[in-house]
Each structure stands twice: as structure tokens, then as C-alpha cells.
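Just so you know, we're using my numbering here: the sequence shown kicks off at 8 and counts up by one.
Note that CB positions come from ideal geometry on N, CA and C, so glycine has one too.
The structure presented is a predicted model; accordingly, all values stated were derived computationally and were not measured.
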Amino acid sequence: MLYSAGAKFLSAIMRRRFKRWYKEADKLQERTFRELIDTARNTAFGKDHHFDEITDYASFRKRVPVRDYEGLQHYVDRIVGGEDNVLWPGRPLYFSKTSGTTSGAKYIPITKASMPHHINGARHALLMYVWKTGKTDFLKGRMIFVSGSPELDRTGDVLTGRLSGIVHHHIPGYISRRRLPSFDTNCIPDWDEKLNAIVGETMNENMTLISGIPPWVEMYFEKLLEHSGRKTVAELFHGFSLFVYGGVN
Numbered sequence: 008m009l010y011s012a013g014a015k016f017l018s019a020i021m022r023r024r025f026k027r028w029y030k031e032a033d034k035l036q037e038r039t040f041r042e043l044i045d046t047a048r049n050t051a052f053g054k055d056h057h058f059d060e061i062t063d064y065a066s067f068r069k070r071v072p073v074r075d076y077e078g079l080q081h082y083v084d085r086i087v088g089g090e091d092n093v094l095w096p097g098r099p100l101y102f103s104k105t106s107g108t109t110s111g112a113k114y115i116p117i118t119k120a121s122m123p124h125h126i127n128g129a130r131h132a133l134l135m136y137v138w139k140t141g142k143t144d145f146l147k148g149r150m151i152f153v154s155g156s157p158e159l160d161r162t163g164d165v166l167t168g169r170l171s172g173i174v175h176h177h178i179p180g181y182i183s184r185r186r187l188p189s190f191d192t193n194c195i196p197d198w199d200e201k202l203n204a205i206v207g208e209t210m211n212e213n214m215t216l217i218s219g220i221p222p223w224v225e226m227y228f229e230k231l232l233e234h235s236g237r238k239t240v241a242e243l244f245h246g247f248s249l250f251v252y253g254g255v256n
């Protein structure tokens, strides 16, 4: 009941903010644009692209061409080599390692300034759901985040892992207490073994929120069918009310 009342209270606050953001979207975009340009002005990227001469979107387009990862990789290589102030002031907190289909492994810098956006974006999505539907049942049960391993390596002096594994370390306590799978299960390197362990931890729980990229969640659902004697997800989780996904259309 406390979680439900709190979620509805926060969603009401966010509703007012959302409405203001909608009305002032162009002004907020302009302000964010100028803040980004001003902050990155003295980075290597900012100097190479003459950020000090950028005054509007047109001048930005003229000086900063669209490019693929290979077009930016030499900047990332400089960060890996220990150089500061390359793409953003200072050093990144993390590298998010992705195994893309077009360029192989990519290392995406995540900074102290960008990290809160990953957390707030997820929180806003949940509050938007509460605002739009009035439903808070998903807070009464357990939540599963089908994600990459939270164990991190290092690339140079920068902690490195999958984005979902990195975010694992920043999830607020009020969600962590209800979250599955366990840390040890999440760290299992073999994917099939990990899925079996996740199913073992969740099949008899009241799972109300399930989150993850669709291919991973689909594989989780298939494992549930296999282990439960072909019971559907709806039969296993009567309280399942919210699926949160991203990364894939």
C-alpha cells in the first residue's frame, strides 16, 4: 500500500513536469543543446569541430558531420590510452561494450553526467505507466531484469561491461529489494546455464514486472515453458502486469 501511494504521488508530480516539458519542448531542446556545446567546448572533439564557433543548429550541422562508429573510434582509442577531455570533460565512469552487427565490439563512454539519464529514463517510464493507467499492481510482487552480467572488466583504467550490467550497480534500493535474479545468478557466464538458474529462482515467485530486450525475454519465456511442463507465462505469473523493454523494436 505504501509503495502504491508513493508511486501515485510521484506520478502526479511527474505528470505536471511532463506537461511542462511538452509545452516547452523547443526551449528545452535549445537549452540542452547550448549546455552540451558549452560544456564540451574545450574537449578534443570540441576543438576539432570548432565548438567555439557554433551558435545554432545550422552551424552545428556544418561542423559536426554524421558518422558511424569507425568515424569516432580514434577518439575512443585516445580515451582508452589514458587521455582526458577527449569526447567529454574528464574521464568516463564506464565503457559500455556492445557487440553490434555492423562494427564488431564497440566501446561507448558513459560519464558521470550521462549516468543519471539511464536511471531517470527508466523511472520516468514506470511513472508514466502509473500516470496513464492508474495501476500500481506491479509494485506488489517481484521484478525481473533479464540483463547482462554486472561483473565489470577494465579497458585501460575505465570499468567496462554491458550497459544493463553497469546499470545494475545504480538501481535504487526500493527496486533492488524486489529484484530478481540474484547477483550470483546474474554473473553466470554461460547464457543457457544462466537462464536455467533464472527460471529456478523465478518460476514459483509472484513476478509482476518483467524487463529486458525482447530476444532475451523470449528465451526466458521459452525456458519457463520447458521447465514448467508447458505452462504459459500467464498461468505461471498471475500477477504479471507490466513488460518493459528496449533496444529492439
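- Taking a cut-off of 8 angstroms on C-beta distances, the segment 177–191 does not touch the segment 234–249, as fewer than three cross pairs fall below it.
- Under the rule that a run must span 4 or more residues, the alpha helix (DSSP H) segments found entirely inside the segment 107–181 read 122–140 and 170–175.
- Between residue 208 and residue 138, the alpha-carbon positions lie close to 31 angstroms from each other.
- Scanning the segment 70–111 from its first residue to its last, the whole beta strand (DSSP E) runs of 3-plus residues come out as 101–107.
- Residue environment for residue 20: exposed (fewer than 16 other C-beta atoms within 10 angstroms of its C-beta).
- Here residue 167 is near residue 102, since their CB atoms are less than 7 angstroms apart.
- With a contact defined as Cβ atoms closer than 8 angstroms, residue 188 and residue 173 miss out at about 17 angstroms.
- Within the same chain, Cβ atoms closer than 7 angstroms to the Cβ of residue 230 are found at 202, 203 and 206, the five residues on either side in sequence being excluded.
- Of the residues 216, 210, 22 and 218, the one whose Cα lies closest to the Cα of residue 237 is 210.
- In the DSSP secondary-structure assignment, residue 249 is bridged to 216.
- Taking all protein chains in view, the Cβ of residue 106 is surrounded by fewer than 16 other Cβ atoms within 10 Å, so the residue is classified as exposed.
- Counting only residues of its own chain and dropping the five nearest sequence neighbours on each side, residue 132 has a CB closer than 7 angstroms to the CB of 251.
- It is roughly 31 angstroms from the alpha-carbon of residue 151 to the alpha-carbon of residue 164.
- For residue 52, the enclosing alpha helix (DSSP H) covers residues 51–55.
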